[in-house]
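To start, the structure under review is shown below, and the notes come after it.
2 protein chains.
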Amino acid sequence: MERKKIAIVGVGLIGGSLALQLNEKGMAAGIIGVEKSSEHATRAVELGLVDEVLPLEEAIERSEVVILAVPVDQMVALLPKVLDLVTNQIVFDAGSTKEQMINAVSGHPKRGRYVATHPMWGTEYSGPQAAVKNAFENKAVVLCNTAESDADAVEWTRFAYKKIGMHLLEMNAVAHDLHAAYVSHISHITSFALANTVLEKEREDQAIFELASGGFESTVRLAKSNPAMWVPIFMQNRDNVLDVLNEHISQLRKFKSCLEKENYDYLQELIENANRIRRILG
Amino acid sequence: MERKKIAIVGVGLIGGSLALQLNEKGMAAGIIGVEKSSEHATRAVELGLVDEVLPLEEAIERSEVVILAVPVDQMVALLPKVLDLVTNQIVFDAGSTKEQMINAVSGHPKRGRYVATHPMWGTEYSGPQAAVKNAFENKAVVLCNTAESDADAVEWTRFAYKKIGMHLLEMNAVAHDLHAAYVSHISHITSFALANTVLEKEREDQAIFELASGGFESTVRLAKSNPAMWVPIFMQNRDNVLDVLNEHISQLRKFKSCLEKENYDYLQELIENANRIRRILG
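Chains G and B, in that order, give the protein sequences.
Position 120 (the first sequence) corresponds to 120 in full-length UniProt numbering; numbering is contiguous.
Position 129 (the second sequence) corresponds to 129 in full-length UniProt numbering; numbering is contiguous.
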């Protein structure tokens, strides 16, 4: 399938890493960045993530594919404007929520040009300097409500994600947002709360620094994540996140109750049940 | 400092990895294993972790250093018996709790031969097949209440841990157990509870398997850990773990309250506060 001229709106961790990987895999006939922050724009060009940075309208006009990789609150506002500007370009987004995105352009005359996607990869860092090579490989990308998109747009989007090494899944946006709350969003909440717990209890930074083991680092790593990205995700997926957060608090209360009552047989059972995650994650 | 004949009691993840690393760094003039499980004993010899497996008494008699690496409930019972058997051997343990261990041998005529240590490294796997090379490197080891131990025992123990690449910290057992609850034990509780949450909510194993991102895997990884090791740790460090678990539940409730009340400014603040962990972990 032919390589295309690509515009990437938001050249941060996700947009920048997509740029690197699309170039690497020969999918891009040039990449134009669109970037609000002039500092990020300069860095993105310096780092070779994009060939140049242009205003949104000009970038869309000169491209065949437009990829949106901004925080999901901005994305909901941006997506209809982008569709207003496209003629025949393919548009897809990389946002972590899908229902509000799809609702925002429901009935738009250019709805067909848009493919709702969520490539499930990220790190706790942000900005163009956080972009890394070989990102996305062997990770899942979810495509939502593809029946509402034009066949050629879906086809190229699928092809591009396959080329960069992702395995494709399709589901409707409602199901996506539910599953994303379970396997991604709740992990971030627990990690943020764990960091706050330790920062509250352990007043000796030096002790954390010196004693922190690999286990602590892995559970608290996500707590470094950018609020500008995560607050809008939690807003847009509020009901699902609240539901799973309530369940999580009640699971933690079971551990608390075991300890309070010194019911160590039940504690053993709770841990054995948790071990079942091995069956799934290997 | 001279290499010594070493007995390792419990040749699993920790004991086995210590055996590999002590051999690698030239600290061992032979390693004898002591292992209740005949299956693990056979594996430990097959894997070359130990030269042979012998009964406890014989192993101690033929060694200059005895390292205890069994679950902490067994350790508390075992330690006084080991001290009953030693003449001039150095004894140290690798347990994740220290106060009960030290109390168990307070006033023992051979108390001086024992050095209470906690090398802060581990993985979520267990058994001799889980032993890995180069474990412990660049991690912290805590030595507790060293004033109660003989100088020569502390000296060799310190030297051995330095040789295998660990940085040494000293603190009293009460402080150790408190800090360990903050930077290690709570991470395991949150991870077990997160696994149970997702297994409870997400009835589609396939969805977890396919969608699980790096973030999910890193927060839930510890949930694979062995209950035989962790239940006794939580028992022995119950008060500290309960204290930090209560704080953690109250931190999670703040996230819940933000979402319920749609107070996204406060949510932003909570996440910014969690980001302070960057300052400590880099």
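All C-beta atoms, glycine included, are put in the ideal place defined by N, C-alpha and C.
Owing to the predicted nature of the structure, the values given are computational and were not obtained by experimental measurement.
Taking every protein chain shown into account, the CB of Gly15 of chain B has 16 or more other CB atoms within 10 angstroms, so this residue is buried. Boundaries for Pro109 of chain G: no alpha helix (DSSP H) harbours it, and the DSSP string shows neither H nor E there. Taking Ile208 of chain G as the centre and dropping the five residues before and after it, the same chain places the C-beta of Glu202 closer than 6 Å to its C-beta, in chain order. Gly215 of chain B has a beta carbon lying within less than 8 Å of a beta carbon in chain G. Here the alpha carbon of Lys224 of chain G sits roughly 27 Å from the alpha carbon of Leu168 of chain B.
Taking the CA atoms as reference points, Glu247 of chain B sits about 13 Å from Phe255 of chain G. In the DSSP assignment, the residues bridged to Val65 of chain G are G:Ile6 and G:Ile90. Less than 8 Å separates the beta-carbon of Ile8 of chain G from that of Ile67 of chain G.
Annotation: the continuous beta strand (DSSP E) that includes His118 of chain B extends over Tyr114 to Pro119. For a Cβ distance threshold of 8 Å, residue set Gly215 of chain B lies close to His188 of chain G, ordered along the chain. The alpha-carbon of Gly30 of chain G is positioned some 39 Å away from that of Asn240 of chain G. With a beta-carbon spacing of about 6 Å, Arg113 of chain G and Gln89 of chain G fall inside the 8 Å limit used to define contacts. DSSP places Ala29 of chain B in the uninterrupted beta strand (DSSP E) bounded by Ala28 to Val34. Collapsing the DSSP output to three states places Leu54 of chain G in coil.
Rounded to the nearest whole angstrom, the C-alpha separation of Ser38 of chain G and Ile271 of chain G is 50 Å.
Residue burial annotation: Pro109 of chain B is exposed, with fewer than 16 other C-beta atoms found within 10 angstroms of its C-beta. Membership of Val72 of chain G in the alpha helix (DSSP H) is indicated by the continuous run Val72 to Leu85. Neighbours of Asn172 of chain B in chain G, taken as residues whose beta carbon is under 8 Å from its own, are absent, since the nearest beta carbon is some 13 Å off. With 16 or more other CB atoms across the displayed protein chains lying within 10 angstroms of its CB, Glu99 of chain B is buried. Between the C-alpha atoms of Ala44 of chain B and Val91 of chain B there is a straight-line separation of about 21 Å. Of all residues in the segment 157–182 of chain B, those with a C-beta nearer than 7 Å to a C-beta of chain G are Leu169, His179 and Tyr182, reading in chain order. The beta carbons of Leu78 of chain G and Ala116 of chain G sit no closer together than 8 Å. For Val70 of chain G, the closest of G:Ala94, G:His188, G:Arg278 and G:Phe159 by C-alpha to C-alpha distance is G:Ala94. Chain-ordered, the chain G residues with CB closer than 7 Å to the CB of Met120 of chain B read Leu211 and Ser213.
For Pro128 of chain B, not one C-beta of chain G is nearer than 8 Å to its own C-beta. Taking 8 Å as the cut-off, the beta carbon of Gly215 of chain G is found closer than this to the beta carbon of Ser187 of chain B. Relative to the Cα of Leu54 of chain B, the nearest Cα in the group B:Ala147, B:Gly33 and B:Ile6 belongs to B:Gly33. Distance between Arg279 of chain G and Asp84 of chain G, taken at the CA atoms: about 47 Å. At a cut-off of 8 Å between beta-carbon atoms, Val244 of chain G makes contact with chain B. For Ala140 of chain B, the three-state secondary structure derived from DSSP is strand. Between Arg276 of chain G and the set B:Asn275, B:Ala193, B:Glu210 and B:Pro232, the nearest pair of CA atoms involves B:Ala193. In the assembly as shown, Glu124 of chain B is a buried residue. Its beta-carbon has 16 or more other beta-carbons within 10 Å. Taking the beta carbon of Leu270 of chain G as reference, the chain B residues within 7 Å of it are Phe192 and Asn196, listed in sequence order. Leu222 of chain G sits close to Thr219 of chain B, with the two beta carbons spaced by under 8 Å.
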